[in-house]
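Residue numbers (this note's numbering): -16 to 215.
Glycine residues also receive a C-beta, built at the ideal position from the N, C-alpha and C atoms.
To keep things clear, I will list the structure first and then write my remarks on it.
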Amino acid sequence: MGKNKGKHYIYFTKIIMNLSIPYKNKTIEAVLDCTSTKKCDVRKKVWVVLTHGAGGDLKTPQLSAIASFLTAEGLAVLRFTCKGLNIKYRINVFNEVLVYLKKEYHLKRVFIGGRSMGARAAVMLASDIEIVDLNILGIICLSYPLHKIRNYKELRDEPLKKSKLPIFFLSGTKDEMCEKDIFEKILLAMKSPFKIYWLNGCNHSAKPLENYQEEMYHAAFKEISNWCLSLY
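So this is what it looks like as structure tokens:
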């Protein structure tokens, strides 16, 4: 007791719920991180819906880590798996997930996003105002894939320039699919408000090329949490 005097600790119980979301003739596997199993409680939450990159799934370490952090900050976080390299398919599945959540959980206020290809799908989905009837508060882009490796002529910048929603970018300064100098020029050309947080020395996988620093990730996740809080 003595050495902890004056310190305050906040404890919470994280509930992990496995969901199977119907999509045509199959189901989309999803996990909901929240602090209650009661729908009436979860419905009151602001949601974050995230998906993975081209080669991952809902268990991608970065998604799991950010889900745990944001849940502790009071948000409900859903991660879902969507295998496939067709961007239109990824967008359609993302939309169907949101439709399901709106029906089952009366989803009203939501941030959407993802890692790499998942981030790209989220931005493209949000730019189509007719595809989903929701109050999307903003987009969270983890390692947005601005270009293919060493291909700086074919940029995936058009969806960013079309976006009207606030976007949070979390990118590594050594991201081989998002060259820092090029990306900063794209950001200046965007019409929508944005915030960029650079992970110093990290590549596209959000891993540092040299020393691992856990504090760096906690600081980044806190920035995302604060950004979300400022928008609702």
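CB-CB length for residue i against residue j, believed under 8 Å
| i | j | result |
| --- | --- | --- |
| T156 | N134 | Rounded, the Cβ-Cβ distance is 19 Å, inconsistent with contact. |
| V76 | V31 | With 8 Å as the limit, V76 and V31 do not qualify as a contact, their Cβ atoms being about 17 Å apart. |
| V29 | Y215 | 5 Å |
Length of the line joining the Cα atoms of residue i and residue j
| i | j | result |
| --- | --- | --- |
| I132 | M160 | 5 Å |
| D111 | K22 | 29 Å |
| Y6 | I95 | 19 Å |
| G67 | A37 | 7 Å |
| W210 | L46 | 17 Å |
| A48 | L212 | 19 Å |
| K71 | D158 | 25 Å |
| N69 | I11 | 16 Å |
| H187 | K205 | 20 Å |
| P44 | H35 | 10 Å |
| W181 | K9 | 38 Å |
| I(-1) | Y83 | 18 Å |
| M199 | K136 | 31 Å |
| L120 | N78 | 15 Å |
| K190 | D164 | 19 Å |
| S154 | S99 | 10 Å |
| A104 | L138 | 15 Å |
| A203 | K27 | 26 Å |
| L58 | L33 | 13 Å |
Own chain, CB closer than 6 Å to residue i, minus 5 neighbours either side, in chain order
| i | result |
| --- | --- |
| F166 | L129 |
| I179 | F152 |
| E56 | S208 |
| F217 | For residue 217 there is no data in the structure shown, the boundaries of the chain being -16 and 215. |
Proximity winner among the options, relative to residue i (alpha-carbon distances)
| i | options | result |
| --- | --- | --- |
| G39 | D16, S51, V25 and A102 | A102 |
| I207 | P191, I119, N69 and C124 | C124 |
| S126 | P142, E162, Q196 and I70 | E162 |
| H201 | A50, R98, T34 and T20 | A50 |
| I74 | F52, L138, G97 and L58 | G97 |
| Y88 | L138, E197 and T20 | T20 |
Close beta carbons around residue i, own chain, < 7 Å, minus the five adjacent residues each side
| i | result |
| --- | --- |
| L117 | L81, K85, L90 and V93 |
| T54 | K(-3), D16, C17, T18 and V60 |
| D140 | L129 and I169 |
| L143 | V106, I169 and M173 |
| G(-15) | Bear in mind that a pLDDT of 40 at G(-15), under 50, signals an unreliable position, so the model cannot answer this. |
Cβ neighbours of residue i in the same chain (closer than 8 Å, five flanking residues each side left out)
| i | result |
| --- | --- |
| S146 | V106, A109, S110, I122, M173, K174 and S175 |
| A13 | N1, L2, S3, I4, L41, L61, R62, F63, T64 and V80 |
| F177 | P149, I150, F151, F152 and L170 |
| E193 | G184 |
Would you check if the segment 145 to 155 and the segment 168 to 177 touch, i.e. whether three or more CB-CB distances between them fall below 8 Å? yes
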